[in-house]
Structures are given as C-alpha cells and as structure tokens.
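Residues in the sequence shown are numbered consecutively from 35, following this note's numbering. For every residue, glycine included, the Cβ atom is placed at its ideal position computed from N, Cα and C.
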Amino acid sequence: GYGRTVSDSDFWSGQTEAALRCLLHAAALDGRRVLDLYRWSLNPAAARDAITVLHRHPDAAEGWADALESAVHADPRTRDSVWLGVRQALAALADPDVLHALDPGPGDRFDPGAFLADSGTLFLLASAVSSGTCAPLVAAFVEDITETARARAARSPGARLDPPLLLALDEIANLTPLPSLPSLMAEGGGSGITTLAVLQSLAQARHRWGEHAADAIWDAATVKLVLGGLGKARDLEDVARLLGEVDESTTTWTRGYSGDRSQSVSVRQVPVMPASVLRTLPFGTAVLLLRHTRPTVIDLAPWTQRADADELRAGQAAIEADSAAGATLVRDPR
C-alpha cells in the first residue's frame, strides 16, 4: 500500500475532487438522473459514459473529458485510490430514501438564485448520527446556496447582498463541517452574508476543520458568546486570557517592636474571569465579546419568553408532524 502523509492526502483529495467534478459536469450537461451519477461512481468502467458526454457536448468545459479519461485509464492502483474517494463522497446514494430525495420530479427543481431572490427560508434538520454519510451532500447543498449568494453580492450595489442572507448553523460541526466556513466567517459579513456558527467547543472546531482553520473561525467572529460547561482546560485558559486582567490590591498590616503599626499595599494582576468561573457559568448566562468593547456577562432569554413563542410552538408542532409522516418538503402556507 501507499504510505500516506499530509501531502499525499492533499494529492488524493485533489484527484478525487477532479474526477467527481467531471462526473457532476457530465450529468448536468446531459440531464442525467442522480442514479446515473451513482452508477458512474461505483466503477470507473461505467464512467466511460460520462467521458462520451464531455467529448460530444458543445457546452462541456474544455479539457474536462481528457481529465476524466486520464483518471479512468490511470495506473490501476492510482485509479482505484481515486475511485475509492469518489465512491465515499457519494456513498449516501446507496440509501434508496436519499437517492429518491435527490431525484426530484419536473416541478421540484431547487433554484438557489430564485430562492435568494424571493428571500426564502430553508431549514435543514438532521442528527449527528443520521447525517453521517449524507454530510458531503448536505455540505454541497449549503455551499451551492452560499456560492450563489456570493455571486449575487458581487453583482449588487456596493458588492453587498440585499436583502442579506443569514446562515444559522447550529451544531454545524456535528452535522457537516462546511469547507468554506472559515472564509465565510472572515469575509461573508462584508458581502451581506451573516454567519452564525454554534459549536460545542473550540476543540471540536479544531478536530473538524484543523488547527489553523479553527483559529480563523474564532478570530473572524465579530460577536463571540461563551457559555458555561466547557471542559477543555486549554480553551478555558485561552478565553480567560482574552477577557483580560484587572488590578487587585492587597493591604498588609505589620506591627513593629515598639508597637507601631504600618500599612503596605501591593498590587497584582488577576484574570477578569478565571477559567474555573467560566466553566461554571450558570445556565442562561453567557460572556459576550463584541469587537473592541469590554467583555460583558449577559442573561439569555429562552425562546419560550419571546413575544412570538406561541407561533414558534405551532411551527415546531407542524414540522414534527410532517417529519413523523415522512415528509421531505415543508412549504410556508403564506
């Protein structure tokens, strides 16, 4: 077998992405169903059909047919390694329910451009367990929307999307680690794309995106909310240092041989909020870090206390009923 290093991993990822890109391009050009894409992913021999499409279609990207043909006819070990990655990327399609959901009828096509133009709202509901093999597909779906939003923003006055787009990504590391999240956090706000990423811990972000990307996500967040319950000492100490220090005065009294008393005052710097206090923040309390302002301890109001709580309960009940009935699409009756 091959000895895998970081550079090896990057190489195979790049080769897999190139092959997968060609397969998707061929399927889109020829109006193929997702079942055809799945068949191509199972065996490089079946992908010769995609090569033919790319060779013959007038709108095919130049050179892509040759690239896919090179991957299909490569050295057997190289070809098998690349196709292993292709199969893994599309492994979720082995589930008939997933295959059916991704094979819409004539009137069910999702157009991200029209969705953004209509100020639509999209909810993606999943658990960490159920999203396992579907993670690449969910990530691709969200990335399609965000890339469309970036393109629309670039064509808009001031290069800002209007109305803006909110990406509320709760438990995003558990569901599907978006590759573009670091850049969205760093650049999205300037183009009208607001990203709200909810993570269990910084350690979780490092595990999912890597050390440097996790640091970029944290640093780029304009507003940081830290809740209690963090268990990683390193993360707690990092946040404690970020909150800063304050001067603490200590007064000492001494008595001399003659009975006279003297006073001395010493000053030392102590954390504004030690790691132990951060870890034990009460439920419903958070530390807010906003740009250059001083850190603030705030109380978080539960959604049940909102003015529209009854409407939210009704919406929750409707979605749960549809989910229990096996529905895959919930339309706003308004």
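Output the boundary residues of the alpha helix (DSSP H) element that contains residue i.
{"i": "D196", "result": "Here D196 belongs to no alpha helix (DSSP H), and DSSP marks it neither H nor E."}
{"i": "R289", "result": "That residue, R289, is in no alpha helix (DSSP H); its beta strand (DSSP E) goes E279 to R289."}
{"i": "A207", "result": "I206 to L209"}
{"i": "L233", "result": "It is not in any alpha helix (DSSP H) - L233 carries neither H nor E in the DSSP assignment."}
{"i": "R73", "result": "V68 to L76"}
Report the option in the options whose CA atom is closest to the CA atom of residue i.
{"i": "G263", "options": "A348, T284, G141 and Q234", "result": "Q234"}
{"i": "A358", "options": "L261, W74 and L159", "result": "L159"}
{"i": "D132", "options": "R289, L57 and Y72", "result": "According to the sequence displayed, residue 132 carries Val and not Asp. For V132, the nearest C-alpha among the options comes from Y72."}
{"i": "A80", "options": "W98, L102 and G97", "result": "L102"}
{"i": "I85", "options": "D109, L57 and V68", "result": "L57"}
{"i": "L118", "options": "A183, G48 and T180", "result": "G48"}
{"i": "L212", "options": "P191, G223, I179 and P198", "result": "I179"}
{"i": "G223", "options": "N77, H241, L195 and R268", "result": "L195"}
{"i": "L201", "options": "N208, A61 and A183", "result": "A183"}
{"i": "R67", "options": "T288, R275, K266 and L127", "result": "L127"}
{"i": "I353", "options": "G65, T288, A207 and L156", "result": "L156"}
Look at residue i and residue j and say whether their C-beta atoms are less than 9 Å apart.
{"i": "H59", "j": "A94", "result": "yes"}
{"i": "V273", "j": "T284", "result": "no"}
{"i": "H91", "j": "L63", "result": "yes"}
{"i": "L270", "j": "R302", "result": "no"}
{"i": "S225", "j": "A188", "result": "yes"}
{"i": "L69", "j": "D137", "result": "yes"}
{"i": "L259", "j": "T229", "result": "no"}
{"i": "A231", "j": "I251", "result": "yes"}
{"i": "A320", "j": "I332", "result": "yes"}
{"i": "T50", "j": "A169", "result": "no"}
Kindly list the residues whose CB is nearer than 8 Å to the CB of residue i, restricted to its own chain and excluding five residues on each side of it in sequence; keep chain order.
{"i": "P367", "result": "With a pLDDT of only 40 at P367, under the threshold of 50, the placement of this residue in the model should not be trusted; the figure read from the coordinates follows. Within the same chain, P367 has no close Cβ partners at all."}
{"i": "P308", "result": "A274"}
For my contact list, residue i and residue j are in at a C-beta cut-off of 8 Å; report their separation, rounded to the angstrom.
{"i": "L215", "j": "I227", "result": "That belief does not hold up - the Cβ atoms of L215 and I227 are roughly 12 Å apart, past 8 Å."}
{"i": "P305", "j": "E279", "result": "6 Å"}
Suppose the cutoff is 7 Å on Cβ atoms and the five residues either side in sequence are ignored; what does the same chain contact list for residue i look like?
{"i": "A335", "result": "none"}
{"i": "Q339", "result": "none"}
{"i": "G141", "result": "none"}
Between which two residues does the beta strand (DSSP E) harbouring residue i extend?
{"i": "R121", "result": "Careful: R121 lies outside any beta strand (DSSP E), inside the alpha helix (DSSP H) at P110 to A123."}
Using a beta-carbon distance below 9 Å, is residue i in contact with chain C?
{"i": "N77", "result": "No chain C is part of this structure, which consists of one protein chain only."}
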